[in-house]
Structure formats: structure tokens, C-alpha cells
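Chemist: Just dropping this structure here.
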Amino acid sequence: MGMWVGRGRKARVAYGFDDIALVPGEVTVNPNEVDISWELCGHRFEIPIIAAAMDGVVGPRLAMEMGRLGGLAVLNLEGVFSRYANPEEFLERIVSASQEEATKIIQSIYGEPIKEELIHQRIREIKKGGGPAVVSSIPQRAERFAQIAQEAGADVFVVQSTV
């Protein structure tokens, strides 16, 4: 089962919220008899929730909190957290922008180069918070960023695609 993603390479199918439906039934399950935990690369997660690798979703603080709660959050290495030492002010500029200004502001913010030292810093922050450091990049930059992430001590590197 899966789909071809390249010459001789196959990927497993993944499902999102739009692909499944949960319907109440007559059979009940005792929660004490159910294990919803799962494992990825030797890391055990108590809840089956993965926070998307998007700047508007995951920053170092959320990654640490998700790890503490038993979930997984993926930090996008190509986002504002790897471009700016204090990314909150730039995220706030995007949030408070009008629709007419938003595109121009986003383009200028993401025009800033990615800084390797910030990648190292963000991974250290997440690990110091006790959770696994799971980071990602797009395929075109995966080789470069995987090496940096490994040197910084990341636990898992995800090659993401756009949706």
C-alpha cells in the first residue's frame, strides 16, 4: 500500500481529518483497556496528536509543551524561528496586517536568510524543555538542514511537502 514518490521509492499513505469519520456506535470501550500511545524513531508518544510544521502552529514553546503532554510538534526550520532571534514581533505584524498588506509583509519577513545558529538554538530550547526535538524542511533543502539538525541534536528530521 502506498504511492510512488520517485524512482524506486514508495511512501505510505497518511490520512488527515478530512479522510476519516468517527461515528458513535453501540459498543463501548473501557478507556483503561485502550492504549493510544505510539512510537516514532524510538520515541514514545502518549497521545496520537502531531502539531503541523507551520509557523502559525508550532514554535519552540509549543513543541516543549506538546512533548510534556505526550504529543508531538514539528518545528519548521524554514520559518521565522530560524530567521529571527525574536520572531514573535514578526508574527504579530502578520496577524495584525490588513489583507491588502499581508502578502507584502509575509514576503519581506520570509526574505530574511535562515541562520544556522538559530536552528541550533531552537533545537536546544526544545530539548531543554524535555521534549523530543522534531524538525522539518522541504525536500530541496533537506540534505543541508538534516545535517545541521543532526549536529544540533535533533531527535527526528521530517521532510515535509507543501499542501
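Each residue of the sequence shown is one higher than the one before, starting from 2 at the first, in our numbering. Each residue gets a CB set at the ideal place from its N, CA and C atoms; glycine is no exception. Keep in mind that this is a model prediction, so the values were computed, not measured.
1) Measuring straight from C-alpha to C-alpha, what distance separates VAL24 and ILE48?
2) Can you tell which of ALA143, LYS128, GLY9 and ILE50 has its C-alpha closest to the C-alpha of TYR16?
3) Check the DSSP bridge columns for GLY7 and list the partner residues they point to.
4) Where does ASN77 land, buried or exposed, given buried means 16+ other C-beta within 10 angstroms?
5) Would the beta-carbon of ILE115 fall within 7 Å of that of ARG145?
6) Work out the CA separation of GLY26 and GLY43 for me, nearest whole Å.
7) Could you spell out where the beta strand (DSSP E) holding ALA155 opens and where it closes?
8) Could you work out which residue in GLY7, ASN33, GLY3 and GLU79 is closest to PHE158 when comparing CA atoms only?
9) Less than 7 Å between the C-beta atoms of ILE106 and ARG94, yes or no?
10) Would you check if the distance between the CB atom of ILE127 and the CB atom of ILE149 is smaller than 7 Å?
11) Any idea what DSSP makes of ALA53, helix, strand or coil?
12) When the distance is taken between beta carbons, is GLY130 closer than 7 Å to MET67?
13) Kindly indicate the opening and closing residues of the alpha helix (DSSP H) around SER97.
14) Should ALA86 be flagged as near chain D, meaning a C-beta pair shorter than 7 Å?
Modeler: To lay it out plainly:
1) 20 Å
2) ILE50
3) ARG10
4) buried
5) no
6) 34 Å
7) Unbroken run through ALA155: none, as it is neither H nor E.
8) GLU79
9) yes
10) no
11) coil
12) no
13) 89 to 97
14) Among the chains in the structure shown there is no chain D, since it carries only a single protein chain.
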